[in-house]
Amino acid sequence: MERGLLIDLWGTIFWPKLPLEEYHRLRVRKIRESLGEAGRSLSFEAVYEAYMAARRLADTIRTTTHAEVNLTAEMLIFLDKLGIEPDLDVLRRLEEAYVYPYLTHLVVAEGVADLIKTARERGFKVILASNTASGKASERLLREHGLLCLFDYLAFSDEIGFRKPHPRFFSVIVRETGIVPSRSLFVGDEEADIAGAKNFGMKAVAFTGFHEYNGSTTPDATARTMAEVAEMLAGSNER
Numbered sequence: 031m032e033r034g035l036l037i038d039l040w041g042t043i044f045w046p047k048l049p050l051e052e053y054h055r056l057r058v059r060k061i062r063e064s065l066g067e068a069g070r071s072l073s074f075e076a077v078y079e080a081y082m083a084a085r086r087l088a089d090t091i092r093t094t095t096h097a098e099v100n101l102t103a104e105m106l107i108f109l110d111k112l113g114i115e116p117d118l119d120v121l122r123r124l125e126e127a128y129v130y131p132y133l134t135h136l137v138v139a140e141g142v143a144d145l146i147k148t149a150r151e152r153g154f155k156v157i158l159a160s161n162t163a164s165g166k167a168s169e170r171l172l173r174e175h176g177l178l179c180l181f182d183y184l185a186f187s188d189e190i191g192f193r194k195p196h197p198r199f200f201s202v203i204v205r206e207t208g209i210v211p212s213r214s215l216f217v218g219d220e221e222a223d224i225a226g227a228k229n230f231g232m233k234a235v236a237f238t239g240f241h242e243y244n245g246s247t248t249p250d251a252t253a254r255t256m257a258e259v260a261e262m263l264a265g266s267n268e269r
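In our numbering, the protein residues as written are 31 to 269.
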């Protein structure tokens, strides 16, 4: 009966170095550059408006259906807002622009590698459980920070098709890893993490190292540091 430690990515392991609005404006600048390189010169304001409109629509779909809108789909919505016919060259350029701030302007939570190593030493399977439009980009991010090899399993919503808190997301993890929900702990920063995990029978810890938890579902515990999470593992029983 396997125990699992499931860890969210955005807001738990990583967070932007700069304010979120500037993070998105940086992405828009890179997108505008990529469109210019493809022969489509547009103003920053036009690109920003289309980018935000595409995000709003994609997020509405995600929130109301819990189905993931992957990066390609979001880019297609963006191009449609601009009236640009998509082609492979434009999509390739856009993909690199979209993931640029994600790969270059995030900080990693202190102590996360130590937490993972401690969990594995204590017999936990360590699972990344991430809502993401691009699992491929997330793997690149983890690899560049030396974390990819530490996980036993990677669960990305764009590959599963559903996002947290949908039970399908969690059922895939349980099926693929053999963990027992009642013996597992989920660490995340948002309502989708806490509600999804608790509804599936897991204990849930709200991580507040980057921002306060404002979800309506009460977590089993809160932790401001990864060291605090490690202490919770040390106090868990072995049954």
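Cβ atoms here follow ideal geometry from the backbone N, Cα and C, with glycine treated the same way. The structure displayed is predicted, hence computed values, not measured ones.
- The stretch 98–135 contains, as complete alpha helix (DSSP H) runs of 4+ residues, the segments 101–112, 118–134 (chain order).
- 9 Å or more divides the Cβ of ASP117 from the Cβ of ALA257.
- Nearest neighbour of VAL138 by Cα position, chosen from LEU36, GLU67, PRO46, THR248, turns out to be PRO46.
- Taking a C-beta distance under 9 Å as the contact criterion, ALA225 and ILE203 do not qualify as a contact pair.
- If you draw a straight line from the Cα of ALA253 to the Cα of PRO195, it is about 20 Å long.
- DSSP, reduced to helix, strand and coil, places GLY218 within a strand of the structure shown.
- If only uninterrupted beta strand (DSSP E) runs of at least 3 residues are considered, those enclosed by the stretch 183–250 are 183–186, 215–218, 233–237.
- The three-state secondary structure of LYS47, taken from DSSP, is coil.
- The DSSP-derived three-state label of ALA139 is coil.
- Taking a contact as a CB-CB distance under 8 Å, the pair SER164 and VAL129 counts as one, their CB atoms being some 6 Å apart.
- Taking the Cα of GLY34 as reference, the smallest distance to any Cα among GLU221, PHE216, THR148, TYR243 is reached at PHE216.
- In the structure shown, SER160 falls within a strand segment according to DSSP collapsed to helix, strand and coil.
- The three-state reading of DSSP puts GLY34 in strand, counting E and B together.
- In the three-state reduction of the DSSP assignment, ALA68 falls in the coil class, being assigned neither a helical nor a strand state.
- Here the stretch 52–71 does not lie against the stretch 232–252, with fewer than 3 beta-carbon pairs under 8 Å apart.
- Between PHE230 and SER201, the C-beta spacing is below 9 Å.
- In the three-state reduction of the DSSP assignment, PHE181 falls in the coil class, being assigned neither a helical nor a strand state.
- Nearest in C-alpha terms to THR134, of all of ARG57, THR102, THR162, is ARG57.
- Around the beta-carbon of PRO211, 16 or more other beta-carbon atoms lie within 10 Å, marking it buried.
- Put simply, the backbone Cα of GLU242 is about 8 Å away from that of ASP219.
- The Cβ neighbour count for MET31, taken over all protein chains shown within 10 Å, is under 16; the residue is labelled exposed.
- If you draw a straight line from the Cα of PHE199 to the Cα of PHE192, it comes to about 6 Å.
- Straight-line spacing of the CA atoms in THR94 and THR162 works out to 16 Å.
- Between ALA127 and LYS60 a beta carbon distance of about 4 Å is seen, short of the 8 Å cut, so the two are scored as contacting.
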